[in-house]
Structures are given as C-alpha cells and as structure tokens.
Amino acid sequence: MFRRFAAFIVLIWLFGFLWFAIALPGPLPTSVRTDAIIVLTGSQGRIEHALDVLRANSAPRLLVSGVDREVKPREFAAEFDVAPRLMKCCVTLGYQAYDTRSNAVETAQWVKRHRARSIRLVTADWHMRRATLELRRELPQGVRVEHDAVPSQPSLGALLLEYHKLIARVALNLAGQ
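Here it is, written out as structure tokens:
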C-alpha cells in the first residue's frame, strides 16, 4: 500500500515538473495595454524588455522592483540608456524588495499608490508562476495581471529549484499562510 502511494506521489511530482519545465509562459504582445509595468530585477533581459515595452507606450509608467540600494537613478538611466525625461516621468526604482515575496509587497504598495487597475508583470519565464502567486496574495482585488515572460535558457537545476519553491508556496497558501 505504501509503495503504491509513494509511486503515485512521485508520478504526480514528475508530471508536474514536466508541465512546469515544458510549458513556460511566453512574452506578451506590446499591443496589450496596461496601467503600469512591473519588472522584477534578476536575470538578464528583464529590465531591458520592460523599458522597451514602456517606450512602445504599452503602459504609462514602470516600477523596477528590487533595485539594489547602491544604484542611483542617474546610474540606472546611464546603464539602460533611459532618457532623463522618461526617467523623471515614468520610471520608479523600488529599493524595498530583496526576494520574490517582498517584490509582491513592494509592488502592491506602489499599485495602490498609483491606483493602477491593470499591470504587466515582467520577469523570467521560469519565475513567472511563483511571482504571480506571490503578487496575487498582495494586490488589491480587481487588479488585472498580464504575464509578459522574458524567454530564458534555465538550467535543469534552476528549474528544479524554482519548481520546489512553487510547490512550497502553494502548500503554504493551502495551509493559510
């Protein structure tokens, strides 16, 4: 009996991981408009993609969540070639977040302050599911979240780690935490 149960659990885990690894979310067309763009710092290409979406007028403002406290706005603008006018009007650097959960808290506070009703979430394809889960826990009700995943080439190890983090977060949610 125990062997069958254990085999069943292993099969569920295996099929779940295969789904997680094969069906990674993709990019969102720039024709989809939202009230704001939220980009979570981390792997390469996220910030560049979010700035391209902002420049394409797919949203009027951008929050970069999880910026290192040492990075000054002028340095950020120089590194990512952001015009001073665009930086001043439309880009907010968020310095409060240090992980995915605190990204969600920082984002929710910013969304409330700016009264955004729809957001475009930009993060890596392998990170999108857990980032969305964390974000939905914190956002005000009624805020629409559009997924704009940046394609990447994650290693098997990175996929396994992220899959287990997702399982842990889902379990905590089910436990009410």
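If you read the sequence shown in the UniProt record's numbering, its first letter stands for residue 1, the second for the next number, and so on. Ideal Cβ positions, reconstructed from N, Cα and C, are used throughout, including at glycine.
(request) For the beta strand (DSSP E) holding T92, just list the boundary residues, first then last. (result) V91 to G94
(message) So within the UniProt domain "DUF218" (35-142), which uninterrupted alpha helix (DSSP H) runs reach at least 4 residues, ignoring any that extend past its ends?
(response) With a minimum length of 4 residues, the continuous alpha helix (DSSP H) runs that stay inside the UniProt domain "DUF218" (35-142) are 46-55, 73-80, 84-90, 100-114 and 128-138.
(message) Could you give the first and the last residue of the continuous beta strand (DSSP E) run that contains V150?
(response) Judged by DSSP secondary structure, V150 falls within the beta strand (DSSP E) whose first and last residues are R144 to V150.
(request) State the Cα-Cα distance for the pair P151 and I47, rounded to the nearest angstrom. (result) 13 Å
(message) As a quick exercise: from K88, R136 and M87, pick the residue whose alpha carbon is nearest that of V111.
(response) Of the candidates K88, R136 and M87, the residue whose Cα lies closest to the Cα of V111 is R136.
(message) Quick check: the Cα distance between L121 and M1, rounded to an integer number of angstroms?
(response) 44 Å
(message) Using a 10 Å radius around the Cβ and a threshold of 16 neighbouring Cβ atoms, would you call W126 buried or exposed?
(response) buried
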